[in-house]
Amino acid sequence: MRIPIIALRVLDQDRALQFYTETLGFTVTEDMDFGGHMRWITVSPPGAPEQEVLLERIGPPIVDQETADQIDALIAKGVGGTLFLEVDDCRKTFDDLVAKGVEVIQEPMERFYGIDAAFRDDSGNHVRMTQRVETGIAAPPSAVNG
Amino acid sequence: MTAREAAHLRRAKDLVDRSYAQPLDVEALARRAHCSPWHFSRRFKEAFGETPHQYVLSRRVERAQELLRNTGLSVTEVCLEVGFQSLGSFSAAFHRVAGMTPTAYRSTMAGFPPHIPGCWAAQWTRPSTSARMEKRDGAGRG
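Line by line, the protein sequences give chains R and P.
Residue numbering for the first sequence follows the working numbering, starting at 996 and increasing by one per position.
Residue numbering for the second sequence follows the working numbering, starting at 32 and increasing by one per position.
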């Protein structure tokens, strides 16, 4: 079993597409506009076309406009979703993204599993990136895996 | 609440998560959210369930808890690391939020949580501001 596509709800598909391609360097895997809110856009991280993120916009007729507005407010509050990325060099990638103006949540920090940092996408979704590297920080005593 | 207003409030909340160790007051956070301090405090609580002041305190205590659990820093070092100016204010805030002293917390919770990303733990282990704290702070305080 695999997970070829995950859906990430966004506030504006054009802006999301711009963010994921121009800021993060993802490539467009598919972009099909069926009119209204029905536009299928998937993007993939560099070098991994088999991993797709669906940039999904929720609105009528899936839900009524009032519900769509509530969902939008939740996304904007930052509780819409989280995307976990793995990178080769967390600090360098972070610096590059800051130069591009991303909203930072957490600067790179060393953890027992590597170095990670966090930022927001253009909609407010939480994006974390981790560099798997030996930091010398001991895992908690109760660690059971990983 | 519109998505636009929610985004402004989220940016102020993110500022706390990012700069919890720096001096943070309601005026500065309100500026980040593009609204007046009074309006900001009221809307922040409506959006996130607690006042900005409570959020700052609970975030600092959460960060302190991680350091107490996972490092050998002294209580005083932890206090300064997370943005408190004195051991007295740190201990009082910690007890109000966590219900025990920092030393008692360290001995009770060493090694918690298990092997999960620290970012995830930071979101889920931030202490809820208790009814006692709410009562002491006063409903309108930001």
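Where a beta carbon is used, it is the ideal one built from N, C-alpha and C, also for glycine.
If you check the CB distance, PRO158(P) and ALA129(P) come in under 8 Å.
By the 16-neighbour rule on beta-carbons within 10 angstroms, ARG90(P) is buried. In this structure, TRP1035(R) is the residue among ILE1001(R), ARG997(R), TRP1035(R), LEU1078(R) with its C-alpha nearest to the C-alpha of GLN1008(R). Put simply, the region 34 to 44 of chain P touches the region 72 to 86 of chain P. At least three CB pairs are less than 8 Å apart. A residue is called buried once 16 or more other Cβ atoms fall within 10 Å of its Cβ, and ALA1071(R) is buried on that count. Within the region 1076 to 1100 of chain R, GLU1098, VAL1099, ILE1100 place their CB atoms closer than 7 Å to a CB of chain P, listed in sequence order.
When DSSP states are grouped into helix, strand and coil, MET32(P) belongs to the coil group.
Apart from the 5 residues on each side of it in sequence, THR1018(R) sits with its Cβ closer than 6 Å to the Cβ of LYS1095 in its chain, given in chain order. When the beta-carbon positions are compared, SER1118(R) and ALA1011(R) come within less than 8 Å of each other. Interface flag for ASP1116(R) against chain P is unset, since no Cβ pair is found closer than 8 Å.
For ARG157(P), the three-state secondary structure derived from DSSP is coil. Chain P has no Cβ within less than 8 Å of the Cβ of GLY1131(R).
Contact with chain P is absent for ILE1036(R), since none of that chain's Cβ atoms lies less than 8 Å from the residue's Cβ.
In the three-state scheme derived from DSSP, where H, G and I count as helix and E and B as strand, GLN1126(R) is classed as strand. DSSP, reduced to helix, strand and coil, places ARG1034(R) within a strand of the structure shown.
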